[in-house]
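Student: If you count the sequence shown from 1, position 13 lands on 13 in full-length UniProt numbering, and the numbers rise without skipping. C-beta: ideal position from N, C-alpha, C; glycine also. Quick caveat: nothing in here was measured; it's all calculated off a predicted structure.
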Amino acid sequence: MYQETITLCGSNGYEKKYYLNEDFESLPQQIKDELKIACVLYTEEIGGILTLEFDEDGKLSFKTTAGENDYFYDEIGSALKIKEMQRDRADLWQSLELFFRVFFLGEEV
Numbered sequence: 001m002y003q004e005t006i007t008l009c010g011s012n013g014y015e016k017k018y019y020l021n022e023d024f025e026s027l028p029q030q031i032k033d034e035l036k037i038a039c040v041l042y043t044e045e046i047g048g049i050l051t052l053e054f055d056e057d058g059k060l061s062f063k064t065t066a067g068e069n070d071y072f073y074d075e076i077g078s079a080l081k082i083k084e085m086q087r088d089r090a091d092l093w094q095s096l097e098l099f100f101r102v103f104f105l106g107e108e109v
């Protein structure tokens, strides 16, 4: 088993920075670009911080946080935007989960 959770990538709307875990550098450039676009667009529209994390079973989850005094963070919009992202890019998220289970957890396909 790997760790409890592994961060795939994240975007920080406060610092205007994007992060891709170096363990995932082997992903195709197109996938890395799609991840960056999705995360940065989220934080530009909603605010706060978004991270995509794998749990110990290989399930990808979207984690959001906002500063304590961030009155511009749209909590309702956040939930709606995440659902939209999950729906519109379902194939991408499923492919990433499969990639993680095979290459990080050592599962057989």
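1) In chain order, what are the residue ranges of uninterrupted beta strand (DSSP E) at least 3 long that sit wholly in the stretch 7-44?
2) By the three-class DSSP mapping on this structure, what secondary structure does residue 82 have?
3) Go ahead and pull the three-state DSSP assignment for residue 107.
4) For residue 76, which of helix, strand or coil comes out of DSSP?
5) Could you give the residue range of the beta strand (DSSP E) that holds residue 55?
6) Cα-Cα, which of 100, 92 and 13 is closest to residue 51?
7) Could you have a look at residue 2 and say whether DSSP puts it in helix, strand or coil?
8) Rounded to whole angstroms, what's the CA-CA distance from residue 91 to residue 84? Just pull it up for me.
Tutor: The answer reads as follows:
1) 17-20
2) As a position in the sequence shown, residue 82 is number 82, starting the count at 1. Three-state DSSP puts residue 82 in a helix.
3) Here residue 107 is taken as the residue at index 107 of the sequence shown, counted from 1. Three-state DSSP puts residue 107 in coil, outside helix and strand.
4) To locate residue 76, count along the sequence shown from 1; it is residue 76. It is helical.
5) Reading the sequence shown from its first residue, position 55 is the one you call residue 55. It spans 49-55 - the beta strand (DSSP E) in which residue 55 sits, taken as one unbroken run.
6) In the sequence shown, counting from the first residue as 1, residue 51 sits at position 51. Of the listed residues, the one whose Cα sits closest to residue 51 is 13.
7) Locating residue 2 in the sequence shown gives position 2, counting from the first residue. For residue 2, the predicted model reports a pLDDT of 47, less than 50, meaning its position is unreliable; a value from the coordinates is still stated below. Residue 2: coil per DSSP, three-state reduction.
8) One-based indexing of the sequence shown puts residue 91 at position 91. One-based indexing of the sequence shown puts residue 84 at position 84. Cα to Cα, residue 91 sits roughly 13 Å from residue 84.
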